[in-house]
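Shown next, in structure tokens, is the structure this report addresses.
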Amino acid sequence: MIDAGYLAELTEYTDDKIAKVVLNGGAYEITTFQIKQTTGNVLLMEFLVPAGSVSEITLIELRSATGQLVSSNNVFVPITTDTVIKQTIKTMEV
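Position 71, counted from 1, in the sequence shown is what the working numbering calls 1015; the numbers after and before it change by one each time, with no gaps.
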């Protein structure tokens, strides 16, 4: 079993690594998070997608400051008004 403290360290490392959200393969980038925090082995992020930035989200990528891919999720979210997206990453042993 992996120690809970070590899982928390990995979560903090992931938090430090993520610098931006890239939508739809580069159609729109978000570099400001409304919330970005870790609690134990859970990283919580909230970010705003302004109305008019994209008509729908089909791909959410979390990337480092240098553009390295950290996470990728295929989704379908229509954007008709300012929309807050909440994303959680849980570091755990499988």
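For every residue, glycine included, the Cβ atom is placed at its ideal position computed from N, Cα and C.
Note that this is a predicted model, so its numbers are computed, not measured.
Cβ shell of residue i (< 7 Å), same chain only, five flanking positions each side left out
i, result
"Lys980", "Asp959, Met989"
"Phe1020", "Glu1000, Thr1002"
"Lys961", "Ser1008, Val1014"
"Leu1056", "Any property of residue 1056 remains undetermined from this structure, which presents the chain solely from 945 to 1038."
Beta-carbon proximity list for residue i, same chain, < 8 Å, skipping 5 on both sides
i, result
"Val998", "Leu967, Asn968, Ala971, Tyr972, Ile1023"
"Asp1026", "Leu992, Val993, Pro994, Ala995"
"Asn1018", "Thr1002, Leu1003"
"Gln978", "Glu990, Phe991, Leu992, Val1028"
"Tyr950", "none"
Cβ neighbour criterion (16 or more within 10 Å) applied to residue i
i, result
"Leu1013", "exposed"
"Ile1004", "buried"
"Thr1010", "exposed"
"Val1038", "exposed"
6 Å CB neighbourhood of residue i in its chain, flanking five on each side removed
i, result
"Thr955", "Thr982, Asn985, Leu987, Thr1035"
"Ala963", "Ser1008, Ala1009"
"Ile946", "Glu1037"
"Gln1031", "Met989"
Beta-carbon proximity check, residue i vs residue j, cutoff 8 Å
i, j, result
"Ser1015", "Ile1033", "yes"
Review point. Unbroken beta strand (DSSP E) runs of length 3 or more, entirely within the region 975–1011: which are they?
Key: Whole beta strand (DSSP E) segments, 3+ residues: 979–983, 986–993, 1000–1007.
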